[in-house]
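Residue numbers for the sequence shown follow UniProt numbering, beginning at 1 and rising by one. No residue lacks a Cβ here, since even glycine has one placed at the ideal position from N, Cα and C. No experiment lies behind these values; they were computed from the predicted model shown.
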Amino acid sequence: MNGLEAVAAYTRAGGPVMIPLIVVSLLMWQMVVMKSLWLFRVRRHPLRIADAPARMAGRDRAPEAGPEGSRTAVLAYFLEHRTGDPETDRILWEVAVRRQISRLDRYLPAIRVLGAVAPLLGLLGTVSGMVETFQVIGFQGTGNSQALASGIQEALITTQTGLLIAIPGLFAGQVLTQKVREIEGELMVFHRAVDQWLTAPRDRLPMHGKQNGKGGTGC
Numbered sequence: 001m002n003g004l005e006a007v008a009a010y011t012r013a014g015g016p017v018m019i020p021l022i023v024v025s026l027l028m029w030q031m032v033v034m035k036s037l038w039l040f041r042v043r044r045h046p047l048r049i050a051d052a053p054a055r056m057a058g059r060d061r062a063p064e065a066g067p068e069g070s071r072t073a074v075l076a077y078f079l080e081h082r083t084g085d086p087e088t089d090r091i092l093w094e095v096a097v098r099r100q101i102s103r104l105d106r107y108l109p110a111i112r113v114l115g116a117v118a119p120l121l122g123l124l125g126t127v128s129g130m131v132e133t134f135q136v137i138g139f140q141g142t143g144n145s146q147a148l149a150s151g152i153q154e155a156l157i158t159t160q161t162g163l164l165i166a167i168p169g170l171f172a173g174q175v176l177t178q179k180v181r182e183i184e185g186e187l188m189v190f191h192r193a194v195d196q197w198l199t200a201p202r203d204r205l206p207m208h209g210k211q212n213g214k215g216g217t218g219c
């Protein structure tokens, strides 16, 4: 029996509950992989806080929007929608940061939910297998060992599968959550630093791309 045949036999022995367990596993690990790759891209090219003033004042090229650099994405969104009004721009900056934090948190709740659902589905399979076992005992007594083994096997396999899905899934979800919290902490430091610039006199933060007569950029 090769590997595929062994997996197919294992799945059949687990009964119908194995189907939703497989679906949960595929969905969860798809999101884990997608989130891991996205976080890797986000941390590849971080924008230094010291470079933000030049970007804000328009003396450096505007950052490109995209997943590469959480700070860069926030600054790109802000510069794209900036109005020049100090109060409005402070609100817009807050919106840009909260928007990026929401993107950072994406998929994490779903990963945790699927990781918690897997053992519950395994428990459902356990109950189903035990019900089948008791039905066999009720109709045929304890003489049919093969039928009894089938129900017990279903109960144990679904429990095992649910735990095999949940334990690494919840661990991966916790690791991703920790990485996200680290990025969010760095982003909030960046947020406070730029917010100080936004509260500075307006001539320190001229509008990007609008030149005044002295060679600077105007509001």
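A distance below 8 Å separates the beta carbons of G115 and G169.
Going by DSSP, Y10 is part of the alpha helix (DSSP H) stretching over G3 to G14. With fewer than 16 other beta carbons inside 10 angstroms of its own, S102 counts as exposed. The DSSP-derived three-state label of R82 is coil. F139 and L104 have their C-alpha atoms some 56 Å from each other. In the structure shown, V97 adopts helical secondary structure according to DSSP, grouped into three states.
Counting along the chain, the unbroken alpha helix (DSSP H) around G115 starts and ends at L108 to Q140. At least 8 Å separates the beta-carbon of G122 from that of G151. Taking 8 Å as the cut-off, the beta carbon of L39 is found closer than this to the beta carbon of L176. Residue burial annotation: A149 is exposed, with fewer than 16 other C-beta atoms found within 10 angstroms of its C-beta. Within the model, the alpha-carbon separation for A73 versus P119 is close to 38 Å.
For the pair R112 and I165, the Cα-to-Cα distance works out to about 12 Å. Per the C-alpha coordinates, the member of A8, I157 and E184 positioned closest to R106 is E184. A residue is called buried when at least 16 other Cβ atoms come within 10 angstroms of its Cβ; A76 meets this threshold and is buried. T158 sits in a helix when the DSSP states are folded into three classes. Note on R71: 16 or more other CB atoms within 10 angstroms of its CB, so buried under the neighbour-count rule.
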